[in-house]
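Written out below as structure tokens is the structure these notes cover.
Chains as they are written, first to last, in this note's numbering: chain A, 642 to 951; chain B, 300 to 802.
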């Protein structure tokens, strides 16, 4: 029983960065922009968050905001490439990953941010609630961003399904010509979606350093950006399934240290491999169902160009 | 000429538009009256669509002025046009397939809030539908609706947006005779309530039957504006193509042996999609077997099954001289003399990013006519392509290594036919071979099919255009929901075939 409570109380902390990242990816890809650069935006956010804490001071919430904004800034470059210059989205996304890997290790070395532990964001003090048995540790002993993430999902749900801009966002990923004919600005919509989407990817990265590891080392995200991409496919680009997928992965990631703690010995590299092996399984399982393959926005990855000649 | 009317709804004066060296519109003056249905008639590339794209703000004209209700206006984009009450129903619908009709309409109108206005909008749409006699399911994804229903969504889009001028670009290209009649009833109703309608079409018959005025465009110039009924068909065709041109049916004179025998074909598809059920027919040498039917009733399935691109559930295909070819792969069937002209030539018949020469020569290369797999004879490839370009009259090829995607529809189809016919085929499977082609190009395609037939080939012609079926076929089968429901020997009665198509 203790094992279970311990395990479950760790799940939100592991699930939150996935949830944030997938939220960002869905906003971005619903607009029709294929974003394979997730790992890059996560890394940029992670480093910026750590950098603020080390160089500016102990302001974890400010650090998280900067993490998101630096994700957006980097996303602006990506958005410019894929919407205005119409660079191939696969290539542009991969470039963002390699660029981010190089840039973050260069910058963090120059600024002397590597391997410097910091205070980071601690759990929220909910007073008496955290004393409630079972529910207390699982629900009320979490950090602020865990709750914020749920709020973000609610806002995003309202925004995407209930507002006219959300309607256009969904439409532009399916058939940009329809939006163009309706007088909407396809390029602007997509650029906005990329900037907002990469904000959440940066925020997810910030969570890894500011809340989880409380230290920056090169490549700290360890490929979780790619898991986020897999989760989007699992989620069929839908928010509710995204949250479910994030929680499932949170459970898996939280289980591994718990197993080690109770003396269940697993080879280290096997443990490190687990998330990717499971990602692979999820992908295989997702694509066994034809519904998932066709769930992608129809114009995903297709640049928009108003036809000048029929 | 039509009487002078100072109070035109729209005056487009001296509109010129060029693309590079190509003059798409040359000093065109076009006037649209209040509450009239005005047909814009002409061949592909005559400038009909360009003119309407100028009016709807998609193209900016090089010269010329547009005035609405006597006031000169500037149309700088589709949103300007919408604001001025101009609505266009494009030939290729601009719909979001995964959205329902309601959301598609909501997308086009600038509402401040979407969700809270939804009920209001639904009410408004239902009222409009009631007014003009539409029947439409507002809640299923439009991708699941029939083409005619999707068109209704497009029409509702422009009506709800408050359009007083509606442009319909080739609206009947995808409709059956019956559906077209329904559409024109609605167009007539809209016109009688004051809406001005521009009907862009290349179909002479509907322009004559359903419009108040006809303007004919040819090579980017407005040739004349006439009142239908004042000119006979021949004179009108002369206006359109610049020369008299009419195709007459030519039935086959000598049938040979049974070439291909198709028995009990069955193809099941998931989700209740139409497959094939108990298909039986045979085609003799020197015969064109035409399959008439409304689009989506199994034509695509039948053609791909015969070419071996789709696997059958049961049934057999027997080819004279080869026996049962049911288990043959596509390349083996091609070796037996089967050739294929698919409906979507850009997607299935051509590799747009490859050169004209590559697209043409691929058949000969695969046959081994141009060297072994170790090396293709480049010169032979180019020479044979040049010959084909001349023989099949393919225009618009500046260089042999130019992308095939740059060819216009008619010329792309000529290239496909040139390639497919380069091997003296014994069985030709042609699916909507003249779809989207103008009169001249369509006639060329028809001549090629007739020539193949007269050379002794068995030709299967699947077409949604009943006129084409009537014109070319020696025997006519009707396909309906994946079954051949009727078979007629030519000449047959058009009405009876039409009925069999929709029953």
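C-beta atoms are modelled at their ideal positions from N, C-alpha and C, and glycine is treated no differently.
Please name the residue, chosen from the options, that lies closest to residue i on a Cα-to-Cα basis.
{"i": "residue 383 of chain B", "options": "B:740, B:461 and B:540", "result": "B:461"}
{"i": "residue 742 of chain A", "options": "A:680, A:928 and A:644", "result": "A:680"}
{"i": "residue 757 of chain B", "options": "B:562, B:773, B:494 and B:531", "result": "B:773"}
{"i": "residue 573 of chain B", "options": "B:375, B:594 and B:606", "result": "B:594"}
{"i": "residue 885 of chain A", "options": "A:644, A:652, A:648 and A:645", "result": "A:652"}
{"i": "residue 918 of chain A", "options": "A:706, A:694 and A:868", "result": "A:868"}
{"i": "residue 879 of chain A", "options": "A:834, A:801, A:861 and A:839", "result": "A:801"}
{"i": "residue 548 of chain B", "options": "B:798, B:789 and B:794", "result": "B:789"}
{"i": "residue 811 of chain A", "options": "A:831, A:822 and A:824", "result": "A:831"}
{"i": "residue 720 of chain B", "options": "B:734, B:700 and B:748", "result": "B:748"}
{"i": "residue 786 of chain A", "options": "A:675, A:903 and A:849", "result": "A:849"}
{"i": "residue 642 of chain A", "options": "A:739, A:735, A:683 and A:776", "result": "A:776"}
{"i": "residue 715 of chain B", "options": "B:596, B:481, B:796 and B:732", "result": "B:732"}
{"i": "residue 331 of chain B", "options": "B:553, B:502, B:309 and B:435", "result": "B:309"}
{"i": "residue 626 of chain B", "options": "B:492, B:620 and B:611", "result": "B:611"}
{"i": "residue 710 of chain B", "options": "B:554, B:738 and B:489", "result": "B:738"}
If the criterion is Cβ atoms closer than 9 Å, does the pair residue i and residue j meet it?
{"i": "residue 804 of chain A", "j": "residue 647 of chain B", "result": "no"}
{"i": "residue 559 of chain B", "j": "residue 582 of chain B", "result": "yes"}
{"i": "residue 514 of chain B", "j": "residue 380 of chain B", "result": "no"}
{"i": "residue 844 of chain A", "j": "residue 709 of chain A", "result": "yes"}
{"i": "residue 704 of chain B", "j": "residue 652 of chain B", "result": "yes"}
{"i": "residue 779 of chain A", "j": "residue 881 of chain A", "result": "no"}
{"i": "residue 813 of chain A", "j": "residue 678 of chain A", "result": "no"}
{"i": "residue 784 of chain A", "j": "residue 888 of chain A", "result": "no"}
{"i": "residue 650 of chain B", "j": "residue 599 of chain B", "result": "no"}
{"i": "residue 942 of chain A", "j": "residue 665 of chain A", "result": "no"}
{"i": "residue 685 of chain A", "j": "residue 872 of chain A", "result": "no"}
{"i": "residue 442 of chain B", "j": "residue 491 of chain B", "result": "no"}
{"i": "residue 312 of chain B", "j": "residue 364 of chain B", "result": "yes"}
In the DSSP output, what is residue i paired with across the bridge?
{"i": "residue 468 of chain B", "result": "B:499"}
{"i": "residue 385 of chain B", "result": "B:464"}
{"i": "residue 362 of chain B", "result": "B:315"}
{"i": "residue 730 of chain B", "result": "B:761"}
{"i": "residue 737 of chain B", "result": "Looking at the DSSP assignment, residue 737 of chain B forms no beta bridge with any residue, so it has no partner."}
{"i": "residue 774 of chain B", "result": "B:588 and B:788"}
{"i": "residue 540 of chain B", "result": "DSSP output for residue 540 of chain B lists no bridge partner at all."}
{"i": "residue 264 of chain B", "result": "The structure shown does not extend to residue 264 of chain B, since chain B is modelled only from 300 to 802, so the question has no answer here."}
{"i": "residue 330 of chain B", "result": "B:310"}
{"i": "residue 372 of chain B", "result": "B:365"}
{"i": "residue 340 of chain B", "result": "B:500 and B:515"}
{"i": "residue 743 of chain B", "result": "Residue 743 of chain B pairs with nothing; no bridge assigned."}
{"i": "residue 399 of chain B", "result": "B:440"}
Is it buried or exposed, residue i, if we count other Cβ atoms within 10 angstroms and call 16 or more buried?
{"i": "residue 657 of chain A", "result": "buried"}
{"i": "residue 671 of chain B", "result": "exposed"}
{"i": "residue 781 of chain A", "result": "buried"}
{"i": "residue 550 of chain B", "result": "exposed"}
{"i": "residue 894 of chain A", "result": "buried"}
{"i": "residue 567 of chain B", "result": "exposed"}
{"i": "residue 456 of chain B", "result": "buried"}
{"i": "residue 529 of chain B", "result": "exposed"}
{"i": "residue 940 of chain A", "result": "buried"}
{"i": "residue 465 of chain B", "result": "buried"}
{"i": "residue 938 of chain A", "result": "buried"}
{"i": "residue 930 of chain A", "result": "exposed"}
{"i": "residue 336 of chain B", "result": "buried"}
{"i": "residue 760 of chain B", "result": "buried"}
{"i": "residue 596 of chain B", "result": "buried"}
{"i": "residue 922 of chain A", "result": "exposed"}
{"i": "residue 402 of chain B", "result": "buried"}
{"i": "residue 632 of chain B", "result": "buried"}
{"i": "residue 950 of chain A", "result": "Residue confidence is low: residue 950 of chain A scores 40 on pLDDT, short of 50, so the model does not pin down where it sits. No coordinate-derived value is stated."}
So residue i contacts chain D; which residues on that side make the cut at Cβ distance below 9 Å?
{"i": "residue 377 of chain B", "result": "Going by chain labels, chain D is absent from the structure shown, which instead holds the protein chains A and B."}
At what residue ranges does the region 502 to 537 of chain B contain a whole run of the alpha helix (DSSP H), taking only runs of 4 or more?
-> 503 to 509
Counting only runs of 4+ residues fully inside the region 555 to 620 of chain B, write out the alpha helix (DSSP H) ranges in chain order.
-> 598 to 606
Could I get the ranges of all uninterrupted alpha helix (DSSP H) runs contained in the region 423 to 468 of chain B, with 4 residues as the minimum, in chain order?
-> 446 to 459
At what residue ranges does the region 644 to 689 of chain A contain a whole run of the beta strand (DSSP E), taking only runs of 3 or more?
-> none
Length at least 4, wholly inside the region 726 to 757 of chain A: the alpha helix (DSSP H) runs in chain order | 730 to 751
In the region 805 to 876 of chain A, which residue ranges form an unbroken beta strand (DSSP E) of at least 3 residues, counting only runs that do not cross its ends?
-> none
At 4 residues or longer, and completely inside the region 680 to 735 of chain B: list those alpha helix (DSSP H) runs for me, N to C.
-> 708 to 719
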